[in-house]
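Novice:
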Amino acid sequence: MGGIITDRDNKWYQIFNIRKLTLIFIFLLLLSINNSIAAEQSGTGDISCYHCHSRLVSDFQKSVHFDKNTCADCHGGDLNISGSLVSINVMHANFTGKPTAVNIADFCAKCHPGSSGVYEESIHWQKLKEDRPAASCTDCHGIHNILSSKDPNSSTFPQNIAETCAKCHENQTRMQALYYGIKTDRFDTYKKSYHYKSYKSGGGVIATCSDCHENHDTRIASDPKSAINPANLITTCGKKGCHEGAGNVFLSGGKIHEEQSVYLLSFDAKRIVTIFYIIMILFELTFTFGLIFLGITSKFDIKRRH
Ligand code: HEC
Ligand code: HEC
Ligand code: HEC
Ligand code: HEC
Ligand code: HEC
Ligand code: HEC
Numbered sequence: 012m013g014g015i016i017t018d019r020d021n022k023w024y025q026i027f028n029i030r031k032l033t034l035i036f037i038f039l040l041l042l043s044i045n046n047s048i049a050a051e052q053s054g055t056g057d058i059s060c061y062h063c064h065s066r067l068v069s070d071f072q073k074s075v076h077f078d079k080n081t082c083a084d085c086h087g088g089d090l091n092i093s094g095s096l097v098s099i100n101v102m103h104a105n106f107t108g109k110p111t112a113v114n115i116a117d118f119c120a121k122c123h124p125g126s127s128g129v130y131e132e133s134i135h136w137q138k139l140k141e142d143r144p145a146a147s148c149t150d151c152h153g154i155h156n157i158l159s160s161k162d163p164n165s166s167t168f169p170q171n172i173a174e175t176c177a178k179c180h181e182n183q184t185r186m187q188a189l190y191y192g193i194k195t196d197r198f199d200t201y202k203k204s205y206h207y208k209s210y211k212s213g214g215g216v217i218a219t220c221s222d223c224h225e226n227h228d229t230r231i232a233s234d235p236k237s238a239i240n241p242a243n244l245i246t247t248c249g250k251k252g253c254h255e256g257a258g259n260v261f262l263s264g265g266k267i268h269e270e271q272s273v274y275l276l277s278f279d280a281k282r283i284v285t286i287f288y289i290i291m292i293l294f295e296l297t298f299t300f301g302l303i304f305l306g307i308t309s310k311f312d313i314k315r316r317h
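Residues 12 to 317 (the numbering used here) make up the sequence shown, in order.
(1) Look up R197 in the DSSP assignment and say whether it is helix, strand or coil.
(2) Apart from the five residues on each side of it in sequence, which residues of its chain come closer than 7 Å, Cβ to Cβ, to S53?
(3) If you draw a straight line from the C-alpha of Y205 to the C-alpha of F300, how long is it?
(4) Should T349 be listed as close to ligand 6, given that the test is whether its C-beta is under 7 Å from any heavy atom?
(5) Quick one: using the 10 Å Cβ neighbour count with 16 as the cut-off for buried, is H180 buried or exposed?
(6) Where does F323 land, buried or exposed, given buried means 16+ other C-beta within 10 angstroms?
(7) Report yes if the CB atom of C82 is closer than 8 Å to the CB atom of C63, and no otherwise.
(8) In whole angstroms, what is the alpha-carbon distance linking P110 and F118?
(9) Looking at C-beta atoms only, is the number of pairs between the segment 128–140 and the segment 227–238 that lie closer than 8 Å three or more?
(10) Sorry if obvious, but does the Cβ on P169 come closer than 7 Å to a heavy atom of ligand 2?
(11) Is S69 buried or exposed, if buried means 16 or more other CB atoms sit within 10 Å of its CB?
(12) Report whether the distance from the Cβ of H62 to the nearest heavy atom of ligand 1 is below 7 Å.
(13) Given this structure, state the Cα-to-Cα distance separating I217 from I303, to the nearest angstrom.
(14) The alpha helix (DSSP H) spanning P241 covers which residue range?
(15) Measure the C-alpha to C-alpha separation of M291 and P163 and round it to an integer number of angstroms.
(16) Determine the DSSP secondary structure at V129, reduced to helix, strand or coil.
(17) For F71 and D84, what's the separation of their Cα atoms in angstroms?
(18) Between the segment 235–242 and the segment 167–182, do three or more beta carbon pairs fall short of 8 Å?
(19) Are there 16 or more other CB atoms within 10 angstroms of the CB of R66, so buried, or fewer, so exposed?
(20) Assuming contact is defined by CB atoms lying nearer than 8 Å, are N325 and S74 in contact in what I supplied?
(21) Can you list, in chain order, the residues of its chain with a C-beta nearer than 7 Å to that of H76? Leave out the 5 residues immediately preceding and following it.
Now the structure itself:
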């Protein structure tokens, strides 16, 4: 008799033991927190992703895309599946996941066909397709924290652009190991230029990397369409607000990333001085060794003259 009651007691005890009650309590608590977050964020459409990707969502909330787009606009997925409870299912319907570096341009092209079209002719895009870690949209703009270039915190704000490019172009190991000696002094040489010094001494940004190399249409110098192809330099330097109408005379002033040259009547003074010194040294060496040679071989003995 007592046995039956005890069994029954045990069964109820098993179902409603303290641990389970605690779990149910936590479950209800989570549900209510969940609903309050939902209430707070209703309208933003990011609630389903927020549960598991909270850091990304807070990045995203500060970006230009936040007001106009949802996570699902870029990644797919269904924001409505989750209801009020955390659900992995939001990552199912049409979910495209994380794009590869090469796919990022297509990802953004949906809404920015102009920028993407131009970018897809650039050296960065070509090299990316050859599996080299060249710049994709997100390397220059950021991923979830993209800001307008008018925002001083943006990686593409004029004063920040040099550093954005330098992340890669000043990185010795990255560039030299992988790219057969592509020059890594671009930021250093730029820093020495008048363009940068003027900005550092309180002026505006006169010309930064992307003013000369284009934002998206970045090309290698030997490409006839490149802004830095010698044939196009007059147009590039002569842009509105830069050196309008400067023409050839101005452009003979030396290369941008080299030390500045000094020109005398269109002769490169630095080169003339260098050549002069080389000739001088060669002359002196020949003269000295000539004398020694004559001293050894000549029959003419200085002592005997006395
Ligand atoms: C229940 C939790 C949960 C929810 C809700 C959730 N995710 Fe995820 N998500 C994960 C986990 C776990 C991973 C895998 C983690 C990893 O690979 O770093 C992941 C990975 C991802 C990835 C990378 C996939 C890849 O290919 O590597 C993307 C993009 C992503 N989630 C987007 C979203 C979006 C957009 C939403 C909302 C529509 C969402 N997630 C909602 C848990 C969740
Ligand atoms: C403007 C398009 C865009 C929007 C909107 C966007 N993402 Fe992404 N997301 C990307 C791109 C591009 C990548 C891949 C970046 C990379 O790895 O270079 C990515 C990567 C991810 C990853 C995997 C990489 C990682 O850092 O773990 C997750 C997870 C993710 N996104 C979640 C989200 C969530 C959640 C939202 C909404 C809050 C969101 N994304 C909104 C473009 C977007
Ligand atoms: C679903 C459409 C959509 C996708 C996909 C998208 N964007 Fe946008 N993007 C927008 C909209 C809309 C704006 C305008 C926001 C505004 O004006 O406030 C914008 C603004 C921007 C801006 C700032 C523009 C400005 O003039 O201030 C940049 C930079 C940008 N997006 C880059 C990207 C990059 C990089 C990607 C790919 C990772 C991307 N976008 C993917 C819709 C999208
Ligand atoms: C994510 C890294 C990365 C970022 C950021 C980046 N680049 Fe590049 N860039 C590369 C790589 C890699 C190459 C290709 C090198 C090669 O293999 O020829 C390249 C090539 C170039 C070239 C052609 C030079 C050549 O010899 O191939 C120019 C010019 C250039 N980048 C300018 C810029 C400018 C200007 C910026 C900033 C607005 C920038 N890059 C940002 C990685 C980057
Ligand atoms: C090498 C670096 C670099 C890459 C790669 C790059 N951008 Fe840009 N992007 C810039 C710079 C620099 C600006 C302009 C800043 C300015 O106007 O002063 C810009 C401007 C923009 C703008 C105009 C809005 C604004 O903020 O002024 C959009 C939209 C944009 N880019 C989208 C993209 C997309 C989409 C991709 C990939 C297909 C991409 N960008 C690739 C550097 C880059
Ligand atoms: C005032 C214009 C100007 C500015 C600013 C400028 N460049 Fe250049 N860049 C040039 C010119 C012109 C060349 C080609 C001739 C030379 O090497 O001087 C060049 C060459 C290059 C090359 C080699 C290209 C090739 O095809 O071999 C790279 C890479 C490069 N610059 C990156 C940068 C980066 C990164 C910045 C910013 C930190 C920058 N440049 C700033 C004008 C500029």
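By construction, the Cβ of each residue, glycine as well, lies at the ideal position given by its N, Cα and C atoms.
Specialist: By the coordinates alone:
(1) If DSSP states are grouped into helix, strand and coil, R197 belongs with the helices.
(2) Only weak support exists for where S53 lies, its pLDDT of 40 falling under 50; the value from the coordinates is given anyway. No residues qualify anywhere along the chain.
(3) 46 Å
(4) With the chain covering only 12 through 317, there is no way to say anything about residue 349.
(5) buried
(6) In this structure the chain extends from 12 to 317, so residue 323 is not present and cannot be described.
(7) no
(8) 7 Å
(9) yes
(10) no
(11) exposed
(12) yes
(13) Using only the alpha carbons, I get a separation of about 59 Å.
(14) Premise fails: P241 is in no alpha helix (DSSP H) and is neither H nor E.
(15) 54 Å
(16) Collapsing the DSSP output to three states places V129 in a helix.
(17) 13 Å
(18) No, the segment 235–242 is not in contact with the segment 167–182.
(19) exposed
(20) Coverage of the chain is limited to positions 12 through 317, which leaves residue 325 absent and any answer about it impossible.
(21) Excluding the 5 residues flanking it on each side, H76 has same chain C-beta neighbours closer than 7 Å at I157, in chain order.
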